[in-house]
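Undergrad:
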Amino acid sequence: MTDRELLDLFGSDIQSAMSAAVDIYSPLVYTIVYSKLGSMCPKEDVEETVSDIFVLLYRNYGKIDLKKGSLKAYLSVIAKRAAMRKGEQLASRETPTDISELADMLSDNIDTLKVREERQELLNNIKKLGKPDCDIILLKYFYGLKSREIAAKLGLKTNTVDKKISRSLEKLKNMLEEEF
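Residue numbers (our numbering): 1 to 180.
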């Protein structure tokens, strides 16, 4: 079964599509997840993470662009990301016993807080740009859309979107320079 046939099957027969996807790709997904989590957690957590990946496949099957890569590549990336998130969750549950670990955690939390404050300040300045510039910047840099996708979404020409991005970035730079 080709990737296209499998994705099309999701649209007509979800149960058969999921069954086929699990049959074809579960060894790959399990291997990736186990390589990241095997030493950190019980087998049940590994299996739960693998199941979560197939749920993500089901939720996003309509958004998968096979022109950008195969379903195998898509699932490999999703598996790596899901395993890393699960690993981070498991690591955050562990309590540090060494005082230096506590100091490192405090330092990390302060850095995280600073990044959040800076991000909020940036978002506030982006909002000051007004419509449609605000929307364009958010779609481009926070949602990763390309100029042509933004143009289609907002009913603008691609070159207009590019000009607005350029001008908006200049305005943002000036706003941030004035604050500091």
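Just so you know, even glycine gets a beta-carbon here, dropped at the ideal spot from N, CA and C.
Straight-line CA distance for Leu-9 to Ser-16?
TA: Distance between the alpha carbons of Leu-9 and Ser-16 is about 7 Å.
Undergrad: In the DSSP assignment, find the unbroken alpha helix (DSSP H) run with Cys-41 in it and report its ends.
TA: Element bounds for Cys-41: n/a, residue is neither H nor E.
Undergrad: Name the two residues that bound the continuous alpha helix (DSSP H) containing Met-18.
TA: 14-37 is the extent of the alpha helix (DSSP H) around Met-18.
Undergrad: Give a yes or no on whether the C-beta atoms belonging to Tyr-58 and Ile-24 are separated by under 8 Å.
TA: The answer is no: Cβ separation not under 8 Å.
Undergrad: Once DSSP output is grouped into helix, strand and coil, what is the label at Met-1?
TA: Three-state DSSP puts Met-1 in coil, outside helix and strand.
Undergrad: Check this for me: beta carbons of Leu-37 and Ala-79, under 8 Å apart or not?
TA: Cβ distance not < 8 Å, so Leu-37 and Ala-79 don't count as in contact.
Undergrad: Measure the alpha-carbon distance for Glu-88 versus Lys-146 and round it to whole angstroms.
TA: If I take the Cα positions, the gap works out to 31 Å.
Undergrad: Nearest to Ile-53 by alpha carbon, out of Thr-31, Lys-68, Pro-42?
TA: Answer by Cα proximity: Thr-31.
Undergrad: Could you have a look at Leu-56 and say whether DSSP puts it in helix, strand or coil?
TA: DSSP places Leu-56 in helix when its eight states are reduced to three.
Undergrad: Out of Lys-171, Tyr-141, Gly-144, Asp-135, which has the shortest C-alpha to C-alpha gap to Leu-156?
TA: Looking at the Cα atoms, Asp-135 is the closest of the given residues.
Undergrad: Once the 5 residues before and after Leu-139 are set aside, which same chain residues still bring their CB inside 6 Å of it?
TA: Excluding residues within five positions, the ones whose Cβ falls inside 6 Å are Leu-145, Ile-150.
Undergrad: With the cut-off set at 8 Å, would you say Leu-66 and Arg-4 are in Cβ contact?
TA: Yes, these two residues count as a Cβ contact at 8 Å.
Undergrad: In the DSSP assignment, the alpha helix (DSSP H) including Leu-154 goes from what residue to what residue?
TA: Its alpha helix (DSSP H) spans residues 147-154.
Undergrad: Using C-beta distances below 7 Å, list every residue in its chain close to Tyr-74, excluding the 5 sequence neighbours before and after it, in chain order.
TA: Same-chain partners within the cutoff: Ile-64.
Undergrad: Using 8 Å for Cβ pairs, my map puts Val-50 next to Val-33. What's the rounded Cβ distance?
TA: At roughly 5 Å, the Cβ-Cβ gap stays under 8 Å, so Val-50 and Val-33 are in contact.
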